Structure formats: C-alpha cells, structure tokens
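This report concerns only the one structure given below.
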Amino acid sequence: TMQQASAIGTFGQTLSTCATAANSSIPALCTCYGNYINSLKNVQCDGIQGAIDAINMACDSMMCSTCGTSGTGGLPACTTPQLDLLASSASTLGSCVSGLPTSKDCTCYEGFMSNTTSIEGCASGKSARDNVHMACQSLSCMC
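Next comes the structure, spelled out in structure tokens:
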C-alpha cells in the first residue's frame, strides 16, 4: 500500500542518516542495520523479506552481533571439527532421550550442553545450544 511504501521510505532515510553518522564504525553500522531490520519487520507486505535478507547478508559480512541471517548474530560458520562435534553430540542426545522428552531426560540435555561448550562461538553451535537450552528449561532441568 502507499502507507507501507511511505513507511519503508522513511526507514530507508533513517538508515541512510544513521549510516552516515556511523562514519565507518562497524559496530555503529551494525546497530543501524539492526534497527532497520526491526523496523522492516513491522511492515507486512510482499517483497519485504527480500530486503530483510539483503540487510542480514550485509550484517553477516561485517560479523555484526545485532543482526544477521538465521539468528547467527554475525557469528562465524562452524568449522568441520565443530560441526562433527555438534553432529555426534546431537546423535548422543537423540539416543539418550527415549520417546517424548520428560524431566527424566535432564541428564541427556545437561550432557549435550556440557559437551558442546566449545562450539557456542560458531553459528550452528550457538543455535543448537540455544534450542537445547530452551528444551532443557521447559522440562525444569538444571541447564
């Protein structure tokens, strides 16, 4: 709609002003991009996701912590050894939990969390740990 297009234009001007004021400071630019994405998420229309994805790719290239694709927060991709550790830990967790997860499975979730502390600094590792942590908390485990 015209109202949505106007809002997007305003957000773009705000981004431009913010980026100019950032004066090549990467953390400041990351903040500008993060704010822009948050603004765009409020506009529900076709094509908006493409704009959000493009800005997230820029965030990833600058390794921002305030924005980025798939919730990576600008973390680097995991290395092959980190991915191997993640895969084996996930397999162990899957074998440990039998059927629907219950509080009896706390040791399984706690084991995953302690086995994967070394990979929380890469995108897939952080994402997996965040998801397991939420599952763990939902079962009232000590995670």
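For reference, each letter of the sequence shown is one residue, going 321 to 463 in this note's numbering.
Even for Gly, the Cβ is constructed at its ideal location relative to N, Cα and C.
Please read all numbers here as calculations on a predicted model, not as lab measurements.
Buried versus exposed, by CB contacts within 10 Å (16 or more), residue i
i: Gly391; result: For Gly391, the predicted model reports a pLDDT of 48, less than 50, meaning its position is unreliable and no value from the coordinates is stated.
i: Gln402; result: buried
i: Ile346; result: exposed
i: Ile439; result: buried
i: Ser434; result: exposed
Start and end residues, alpha helix (DSSP H) containing residue i
i: Leu335; result: Met322 to Ala342
i: Val452; result: Ala443 to Ser458
i: Ile346; result: Ile346 to Leu360
8 Å contact criterion, which residue i and residue j should meet: CB distance rounded
i: Cys387; j: Asn376; result: 6 Å
i: Leu406; j: Gly445; result: 6 Å
Close Cβ partners of residue i (< 8 Å) along its chain, the five nearest in sequence each way excluded
i: Leu459; result: Pro421, Thr422, Ser423, Asp425, Cys426 and Tyr429
Contacting residues, own chain, Cβ-Cβ under 6 Å from residue i (five flanking each side not counted)
i: Thr340; result: none
i: Val417; result: Asp425 and Cys428
Going along the chain, which unbroken runs of the alpha helix (DSSP H) with 4 or more residues stay wholly within the region 370 to 427? Qualifying alpha helix (DSSP H) stretches, in chain order: 400 to 416.
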